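Under mature numbering (1 follows the signal peptide of the UniProt record, and there is no 0), residues -31 to -1, 1 to 127 are what the sequence shown spells out, in order.
Even for Gly, the Cβ is constructed at its ideal location relative to N, Cα and C.
Remember, it's a predicted structure, so these values are computed and weren't measured experimentally.
Notes for the one structure printed next.
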Amino acid sequence: MMRQSFFSTLRPAIRRVGFGLVLAGGLTACAATYTNHGYVPPPEVLSEINIGSTREQVAEAAGSPGTGGVMRDEAWFYTQYRVRNFTYNAPEVIERDIVAISFNEGGRVSNIERFGLEDGQLVQLSRRVTESSVRDISFLSSILSNFGRINIGDALSD
């Protein structure tokens, strides 16, 4: 009778472990990953902010906003969203929370609004293009065309 070596009995066990690792790796690669972005103050903090509060009081209670209003800083926006990444698919925003705190001319809170993903609207961007006054010439052509414009007398008189 042939005697089996230690390595020949170990091979099937190594194959099983290797197959198990490959299978586990493949299954975890198919799991979705989630990433969180931004900050929205919790409801307890927002309840401390009242109509008529100053910007300083809002900043002290809720922190500085991620985004301000475009014109004259009329509103502060706190945004938070959660994105799901799944294999080769495009990332998908699955949750969005926006808190908008509006201020009046005196810098006091005039309104507090909350928006979610369901409140979002698609915005069609304009495809209008402004024509450029720059001609389609190469860098070398641009340099060579300037040689005729240089006035040596003006350059030496300084």
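Bounds of the beta strand (DSSP E) holding E64 are 61 to 72. Going by DSSP, V52 is part of the beta strand (DSSP E) stretching over 44 to 54. In terms of Cα proximity to T48, the closest of R(-17), Y3, I70, S114 is I70.
Of L113, A1, G85, Y8, the smallest CA-CA separation from A59 is found for A1. In the structure shown, the three-state DSSP call for S114 is helix.
A residue is called buried when at least 16 other Cβ atoms come within 10 angstroms of its Cβ; V62 does not meet this threshold and is exposed. Residue D66 holds the alpha-carbon nearest to the alpha-carbon of H6 among E87, I81, D66.
In terms of CA proximity to I20, N80 leads the group A44, G85, N80, G35.
One thing to note: V78 has its Cβ no nearer than 9 Å to the Cβ of S16. In the three-state reduction of the DSSP assignment, I(-18) falls in the helix class, which pools H, G and I. Of the other Cβ atoms in all chains shown, 16 or more fall within 10 Å of the Cβ of F72; this residue is therefore buried.
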